[in-house]
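Using my numbering, the letters of the sequence shown correspond one by one to residues 369 to 521.
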Amino acid sequence: TSTGSKRLAGFRDALARRGIAPHPDPVARIPFSIANGARATEELLTRRPVTATFCANDVLATGAQDALRRSGLDVPGDVTVVGYDDIPLASQTALDLTTVSVDLPDLGRHAVQYLVLRARNPEIAPARLLQPGELRLRGTHGPATGHRRATTP
(Lines of atoms letter the chains of each structure in order from A; the text may use other names.)
(Lines give C-alpha, C1' and ligand atoms only; values in the text may rest on other atoms or scores of the structure.)
Protein backbone atom coordinates (compact mmCIF):
# COMPACT_ATOMS: atom_id res chain seq x y z
CA THR A 369 0.00 0.00 0.00
CA SER A 370 1.08 3.58 -0.36
CA THR A 371 0.73 3.97 3.41
CA GLY A 372 3.05 1.01 3.96
CA SER A 373 5.55 2.43 1.47
CA LYS A 374 5.54 5.80 3.23
CA ARG A 375 6.03 4.13 6.61
CA LEU A 376 8.97 2.18 5.19
CA ALA A 377 10.49 5.38 3.78
CA GLY A 378 10.13 7.06 7.17
CA PHE A 379 11.77 4.09 8.88
CA ARG A 380 14.70 4.19 6.46
CA ASP A 381 15.04 7.96 6.89
CA ALA A 382 15.16 7.55 10.68
CA LEU A 383 17.91 4.93 10.35
CA ALA A 384 19.90 7.16 7.98
CA ARG A 385 19.65 10.14 10.36
CA ARG A 386 21.25 7.96 13.02
CA GLY A 387 23.96 6.64 10.71
CA ILE A 388 22.52 3.11 10.69
CA ALA A 389 22.61 1.17 7.43
CA PRO A 390 19.52 -1.03 7.01
CA HIS A 391 19.97 -4.66 6.07
CA PRO A 392 19.62 -5.04 2.28
CA ASP A 393 16.52 -7.29 2.46
CA PRO A 394 14.61 -6.29 5.59
CA VAL A 395 11.17 -5.86 4.05
CA ALA A 396 8.34 -8.34 3.56
CA ARG A 397 5.57 -6.79 1.45
CA ILE A 398 2.52 -8.73 2.58
CA PRO A 399 -1.17 -8.17 3.23
CA PHE A 400 -1.85 -7.01 6.79
CA SER A 401 -2.90 -9.99 8.93
CA ILE A 402 -1.71 -11.72 12.09
CA ALA A 403 -0.97 -14.91 10.13
CA ASN A 404 1.11 -13.02 7.55
CA GLY A 405 3.04 -11.22 10.30
CA ALA A 406 3.85 -14.59 11.87
CA ARG A 407 4.85 -16.21 8.55
CA ALA A 408 7.08 -13.29 7.54
CA THR A 409 8.79 -13.37 10.94
CA GLU A 410 9.32 -17.13 10.77
CA GLU A 411 10.89 -16.71 7.32
CA LEU A 412 13.11 -13.89 8.58
CA LEU A 413 14.34 -16.06 11.46
CA THR A 414 15.48 -18.76 9.02
CA ARG A 415 17.78 -16.26 7.29
CA ARG A 416 19.48 -14.44 10.16
CA PRO A 417 19.25 -13.51 13.84
CA VAL A 418 17.34 -10.33 14.63
CA THR A 419 17.24 -7.96 17.58
CA ALA A 420 14.24 -5.89 16.46
CA THR A 421 11.34 -5.91 14.05
CA PHE A 422 9.38 -2.83 13.00
CA CYS A 423 6.01 -3.72 11.47
CA ALA A 424 3.86 -1.56 9.20
CA ASN A 425 0.90 -1.98 11.55
CA ASP A 426 -0.11 -3.49 14.87
CA VAL A 427 -1.81 -6.49 13.28
CA LEU A 428 1.46 -7.61 11.63
CA ALA A 429 3.33 -6.88 14.87
CA THR A 430 0.93 -9.14 16.79
CA GLY A 431 1.77 -12.01 14.43
CA ALA A 432 5.49 -11.21 14.66
CA GLN A 433 5.37 -11.27 18.45
CA ASP A 434 3.58 -14.65 18.42
CA ALA A 435 6.11 -16.17 16.00
CA LEU A 436 9.09 -14.90 17.99
CA ARG A 437 7.79 -16.39 21.22
CA ARG A 438 6.95 -19.71 19.53
CA SER A 439 10.54 -19.75 18.25
CA GLY A 440 11.85 -19.58 21.79
CA LEU A 441 12.81 -15.91 21.71
CA ASP A 442 11.91 -13.53 24.50
CA VAL A 443 10.10 -10.30 23.62
CA PRO A 444 11.59 -7.83 24.56
CA GLY A 445 14.61 -9.60 26.10
CA ASP A 446 15.90 -10.93 22.77
CA VAL A 447 13.87 -9.02 20.19
CA THR A 448 12.04 -5.69 20.26
CA VAL A 449 8.72 -5.56 18.38
CA VAL A 450 7.19 -2.26 17.26
CA GLY A 451 3.88 -1.84 15.46
CA TYR A 452 2.06 1.13 13.98
CA ASP A 453 -1.46 2.57 14.50
CA ASP A 454 -1.99 1.95 18.25
CA ILE A 455 -5.14 -0.11 17.74
CA PRO A 456 -7.07 -0.87 20.97
CA LEU A 457 -5.65 -4.41 21.11
CA ALA A 458 -2.09 -3.02 21.28
CA SER A 459 -2.51 -1.74 24.84
CA GLN A 460 -4.03 -4.95 26.21
CA THR A 461 -1.96 -6.46 29.00
CA ALA A 462 -1.26 -9.74 27.19
CA LEU A 463 0.05 -7.99 24.08
CA ASP A 464 1.39 -4.72 25.57
CA LEU A 465 2.74 -3.71 22.14
CA THR A 466 5.10 -0.80 21.60
CA THR A 467 3.60 1.15 18.72
CA VAL A 468 3.44 4.43 16.86
CA SER A 469 0.15 6.14 17.59
CA VAL A 470 -1.60 8.32 15.05
CA ASP A 471 -4.71 10.42 15.62
CA LEU A 472 -7.04 8.42 13.36
CA PRO A 473 -10.19 10.44 14.17
CA ASP A 474 -8.35 13.65 13.21
CA LEU A 475 -7.05 12.03 10.04
CA GLY A 476 -10.58 10.88 9.19
CA ARG A 477 -11.99 14.37 9.78
CA HIS A 478 -9.42 15.90 7.44
CA ALA A 479 -10.14 13.25 4.80
CA VAL A 480 -13.90 13.88 4.92
CA GLN A 481 -13.42 17.66 4.80
CA TYR A 482 -11.17 17.27 1.78
CA LEU A 483 -13.61 14.93 0.00
CA VAL A 484 -16.45 17.40 0.52
CA LEU A 485 -14.23 20.22 -0.79
CA ARG A 486 -13.29 18.14 -3.86
CA ALA A 487 -16.93 17.20 -4.50
CA ARG A 488 -17.83 20.90 -4.55
CA ASN A 489 -14.71 21.95 -6.48
CA PRO A 490 -13.49 19.08 -8.71
CA GLU A 491 -10.72 21.27 -10.15
CA ILE A 492 -8.88 21.30 -6.80
CA ALA A 493 -5.68 19.29 -7.05
CA PRO A 494 -5.21 16.11 -5.02
CA ALA A 495 -3.56 16.68 -1.66
CA ARG A 496 -1.54 14.68 0.84
CA LEU A 497 -1.92 14.87 4.57
CA LEU A 498 0.95 13.72 6.72
CA GLN A 499 -0.17 12.84 10.21
CA PRO A 500 2.51 12.98 12.92
CA GLY A 501 2.93 9.90 15.06
CA GLU A 502 3.83 9.44 18.70
CA LEU A 503 5.86 6.48 19.94
CA ARG A 504 4.06 4.58 22.72
CA LEU A 505 6.69 2.60 24.61
CA ARG A 506 5.13 -0.50 26.13
CA GLY A 507 6.24 -4.00 26.98
CA THR A 508 7.75 -5.10 23.65
CA HIS A 509 10.76 -2.81 23.52
CA GLY A 510 14.10 -3.25 25.18
CA PRO A 511 17.83 -2.90 24.61
CA ALA A 512 19.46 -5.20 22.08
CA THR A 513 21.08 -8.02 24.01
CA GLY A 514 22.98 -9.50 21.10
CA HIS A 515 22.06 -12.07 18.50
CA ARG A 516 20.57 -15.25 19.81
CA ARG A 517 19.39 -18.07 17.58
CA ALA A 518 15.78 -19.12 17.85
CA THR A 519 15.12 -22.62 19.11
CA THR A 520 12.23 -24.75 18.01
CA PRO A 521 10.02 -25.78 20.95
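Idealized CB from N, CA, C, for every residue including glycine. The model shown is predicted, which means the values in this text are computed figures rather than measured ones.
Option nearest residue i by Cα separation, candidates the options
{"i": "LEU413", "options": "SER401, ALA396 and ASN425", "result": "ALA396"}
{"i": "ALA495", "options": "ARG488, LEU483, LEU503 and VAL447", "result": "LEU483"}
{"i": "LEU472", "options": "ARG488, ARG486, GLN460 and ILE455", "result": "ILE455"}
{"i": "ALA406", "options": "ARG380, GLY445, GLN433 and PRO417", "result": "GLN433"}
{"i": "ASP474", "options": "LEU498, THR461 and PRO490", "result": "LEU498"}
{"i": "THR461", "options": "ARG506, THR409, ILE402 and ALA435", "result": "ARG506"}
Cβ neighbours of residue i in the same chain (closer than 8 angstroms, five flanking residues each side left out)
{"i": "THR448", "result": "THR419, ALA420, THR421, THR466, THR508, HIS509, GLY510 and ALA512"}
Whole-angstrom distance between residue j and residue i, CA atom to CA atom
{"i": "GLY431", "j": "VAL443", "result": "13 angstroms"}
{"i": "ILE548", "j": "LEU485", "result": "Nothing about residue 548 can be read from this structure; the chain reaches only from 369 to 521."}
{"i": "PHE400", "j": "ARG488", "result": "34 angstroms"}
{"i": "GLY445", "j": "GLY501", "result": "25 angstroms"}
{"i": "PHE379", "j": "ASP464", "result": "22 angstroms"}
{"i": "GLY604", "j": "PRO417", "result": "Examination of residue 604 is not possible in this model, given that the chain is present from 369 through 521 alone."}
{"i": "ARG437", "j": "ALA408", "result": "14 angstroms"}
{"i": "TYR452", "j": "THR371", "result": "11 angstroms"}
Cβ-Cβ separation, residue j to residue i (assumed contact under 8 angstroms), whole Å
{"i": "ASP426", "j": "LEU383", "result": "No, ASP426 and LEU383 are not in contact; Cβ-Cβ is about 21 angstroms, not under 8 angstroms."}
{"i": "ALA429", "j": "ARG375", "result": "Between ARG375 and ALA429 the Cβ distance is about 12 angstroms, and since that is not below 8 angstroms, they are no contact."}
Own chain partners of residue i with C-beta closer than 7 angstroms, once the 5 adjacent residues on each side are dropped
{"i": "ARG504", "result": "ASP454, THR466, THR467 and SER469"}
{"i": "ASN404", "result": "ILE398, LEU428 and GLY431"}
beta-carbon residue i near the ligand SAM non-hydrogen atom, thresh 7 angstroms
{"i": "LEU485", "result": "Looking at this structure, you won't find the ligand SAM or any other ligand, since it has none at all."}
Test: residue i CB closer than 8 angstroms to a CB of chain D
{"i": "ASP471", "result": "Absence of chain D from the displayed structure is noted, only one protein chain being present."}
Same chain, Cβ closer than 6 angstroms to residue i, neighbours up to 5 away in sequence not counted
{"i": "VAL450", "result": "PHE422 and THR466"}
Any contact of the region 374-390 with the region 404-413, i.e. 3+ C-beta pairs under 8 angstroms? no
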